[in-house]
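Participant:
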Ligand SMILES: Nc1ncnc2c1ncn2[C@@H]1O[C@H](COP(=O)(O)OP(=O)(O)O)[C@@H](O)[C@H]1O
Ligand SMILES: [Mg+2]
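In my numbering, the protein residues as written are 206 to 565.
#1: Quick one: what does DSSP say residue 395 is sitting in, helix, strand or coil?
#2: Report yes if the CB atom of residue 437 is closer than 8 Å to the CB atom of residue 505, and no otherwise.
#3: Residue 413 lies in the alpha helix (DSSP H); which residues open and close that run?
#4: Leaving out five residues on either side along the sequence, give the residues of the same chain with a beta carbon under 7 Å from the beta carbon of residue 224.
#5: So, helix, strand or coil for residue 320, using DSSP?
#6: Return helix, strand or coil for residue 435, following the three-state DSSP convention.
#7: At 3 residues or longer, and completely inside the segment 471–554: list those beta strand (DSSP E) runs for me, N to C.
#8: For residue 319, count the other beta carbons within 10 Å of its own beta carbon; 16 or more makes it buried, fewer makes it exposed. Which is it?
#9: In three-state DSSP terms, what is residue 389?
#10: When the Cα of residue 441 is compared with those of 419, 560, 378, 388, which residue comes out closest?
#11: Three-state secondary structure (DSSP) at residue 325?
#12: I'd like to confirm the pairing. Which residues does DSSP put opposite residue 426 in its beta bridges?
#13: Can you give the Cα-Cα distance for residue 411 and residue 279, rounded to whole angstroms?
#14: Which residue marks the beginning of the alpha helix (DSSP H) containing residue 270, and which one marks its end?
#15: Looking at residue 308 and residue 209, is the spacing between their C-beta atoms short of 8 Å?
#16: Would you mind giving the Cβ-Cβ distance between residue 215 and residue 313, rounded to the nearest angstrom? I have them listed as a contact below 8 Å.
#17: Could you pull the start and end residues of the beta strand (DSSP E) that residue 451 belongs to?
#18: Beta-carbon within less than 8 Å of residue 317's beta-carbon, same chain only, minus the 5 sequence neighbours each way: which residues are those?
#19: Smallest Cα separation from residue 362: which of 518, 565, 551?
#20: Can you tell me whether residue 490 is buried or exposed, with buried defined as 16 or more other CB within 10 angstroms of its CB?
#21: Taking 7 Å as the line, does the beta carbon of residue 480 fall inside it for any heavy atom of ligand 2?
#22: Check each candidate in 547, 291, 284, 227 and name the one with the smallest Cα separation from residue 262.
#23: Would you say residue 317 touches ligand 1, meaning its beta carbon is less than 7 Å from a heavy atom?
#24: For residue 468, verify whether its CB is less than 7 Å away from any heavy atom of ligand 1.
#25: Compute every distance between the C-beta of residue 277 and the non-hydrogen atoms of ligand 1, then say whether any falls below 7 Å.
#26: Under 7 Å from any heavy atom of ligand 2, does the C-beta of residue 465 make it?
#27: Go to residue 335, then tell me how far its beta strand (DSSP E) extends in each direction, as first and last residue.
#28: Quick check on the DSSP output: the alpha helix (DSSP H) that includes residue 377 runs from which residue to which?
#29: Which residues does DSSP pair with residue 311 in a beta bridge?
#30: Look up residue 220 in the DSSP assignment and give the residues it is bridged to.
#31: To the nearest angstrom, report how far apart residue 511 and residue 531 are at their CA atoms.
#32: Would you say the beta carbon of residue 380 is closer than 7 Å to some non-hydrogen atom of ligand 1?
#33: Roughly how many angstroms lie between the CA atoms of residue 289 and residue 329, to the nearest whole one?
#34: Which value, in whole angstroms, describes the spacing of the CA atoms of residue 450 and residue 295?
#35: At what residues does the alpha helix (DSSP H) containing residue 241 begin and finish?
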């Protein structure tokens, strides 16, 4: 079999640009160069596609400085034309001559314009197989409102919530949620724009803050309990399997698992596996696979839960392209389940090739 050409696409227009670069540095380092030709493609913060250096260290954090896509590389476009099946160089003079068709894309992007089905739509048009969920599941999982509707219809427990659209008053049943509540952008990530509200007097400001990120906002009842995550990975036969779960414990001063607790310092402890009884772990794993199926996910997902104080398993959200640095929860949970980081990357590429594009 000839070597596969894998394009790792990273960066992008969302607020999670830097996290995506960190993930890409790790994936570039892990891809087996004996079997894959690797093409690193950065998308700048303003949406320009450029050829990036094949240098994982350029995408590592330098102290507190986070990496970003260097806009200086040769400009590229991915043609939405299946007869081209690849990348077209806008600036022919400076590009390496072998740049051309691509066998698989690893869309290592988080948030809007990457994890939300838009890039997946372009790849479908282009007929290029890609890692992870398709257009529908990506879009459904990105929108916390529609995601929760699909999860609820599948019989999974979710926290009660209401939707508030910009320029419209909060619905009358907001008060039924009680306090505290979490106010969040419908299509956000990394806890950006999220506020925990303990006092009704602070609700309007929290809604305004979330609306700065998204005209559609959720007010959600706070769940009193523990925060647990579980990976899902499709096996060689296309069957989704759950990982060992992990508990997230915020031990710093942060009021919840907010941006700071996620990325800065060591405010958070992770227990893999969580200190839970076998029955609860089995229920979490079962719910993770059910949530994956409820959204028609493919390839991989990280399903995030609360285990309520009364033992109930409540789904918080499904991430179709979870963080992928070696210290990210998804690879760590799989490492604890016996799947190393390079093997994980390899299985995802193989799964993308197996599925191909189009209806399947
Ligand atoms: N209903 C809730 N009850 C308790 N904590 C919540 C709730 N919703 C959000 N949180 C806290 O806020 C964090 C971020 O919320 P989440 O909905 O996962 O958004 P994001 O997509 O930005 O990660 C969660 O990890 C959790 O710590
Ligand atoms: Mg989350």
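Glycine included, C-beta positions come from ideal geometry on N, C-alpha and C.
Facilitator: Short version:
#1: If DSSP states are grouped into helix, strand and coil, residue 395 belongs with coil.
#2: With respect to the 8 Å criterion, residue 437 and residue 505 are classified as neighbours on the basis of their beta carbons.
#3: Boundaries of the alpha helix (DSSP H) around residue 413: 408–416.
#4: Counting only Cβ-Cβ distances below 7 Å, and skipping sequence neighbours, we find 315, 395, 528.
#5: Residue state, collapsed to three classes: coil.
#6: Residue 435: strand per DSSP, three-state reduction.
#7: DSSP runs (the beta strand (DSSP E)) wholly in the segment 471–554: 473–476, 505–513, 518–524.
#8: Classification of residue 319: buried, given that the 10 Å Cβ count is 16 or more.
#9: Residue 389: strand per DSSP, three-state reduction.
#10: Comparing Cα-Cα distances from residue 441 to each of 419, 560, 378, 388, the minimum goes to 560.
#11: When secondary structure is reduced to three states using DSSP, residue 325 falls in the helix class.
#12: DSSP lists 386 as partners of residue 426.
#13: The straight-line gap from Cα to Cα measures roughly 42 Å.
#14: Counting along the chain, residue 270 falls outside any alpha helix (DSSP H), and DSSP gives it neither H nor E.
#15: Yes, Cβ-Cβ distance for residue 209 and residue 308 is below 8 Å.
#16: About 5 Å; that satisfies the 8 Å criterion.
#17: Start and end: 451–455.
#18: Only residues of its own chain outside the window of five on either side were considered, and among them 218, 219, 323, 347, 392 have a CB closer than 8 Å to the CB of residue 317, listed in chain order.
#19: Nearest C-alpha to residue 362: 518.
#20: Counting C-beta atoms within 10 angstroms of its own C-beta, residue 490 has 16 or more neighbours from the protein chains shown and is therefore classed as buried.
#21: No, Cβ of residue 480 sits at least 7 Å from all heavy atoms of ligand 2.
#22: Shortest Cα-Cα distance from residue 262 to any of 547, 291, 284, 227 involves 227.
#23: Taking the Cβ of residue 317 as the reference point, every heavy atom of ligand 1 lies at 7 Å or farther away.
#24: No, the beta carbon of residue 468 sits no closer than 7 Å to any heavy atom of ligand 1.
#25: Remark: the shortest separation between the CB of residue 277 and any heavy atom of ligand 1 does not fall under 7 Å.
#26: Not so, every heavy atom of ligand 2 lies at least 7 Å from the Cβ.
#27: First-last for residue 335: undefined, no H or E at that position.
#28: In the DSSP annotation of this structure, residue 377 is not part of any alpha helix (DSSP H), being labelled neither H nor E.
#29: Note: residue 311 sits in a beta bridge opposite 213.
#30: Note: residue 220 sits in no beta bridge, so no partner.
#31: Looking at the backbone, the Cα of residue 511 and that of residue 531 are separated by about 24 Å.
#32: Taking 7 Å as the cut-off, one finds no heavy atom of ligand 1 near enough to the beta carbon of residue 380.
#33: Whole-angstrom Cα-Cα distance: 13 Å.
#34: Rounded to whole angstroms, residue 450 to residue 295 spans 45 Å at the Cα level.
#35: Residue 241: not part of any alpha helix (DSSP H); member of the beta strand (DSSP E) spanning 241–248, first to last residue.
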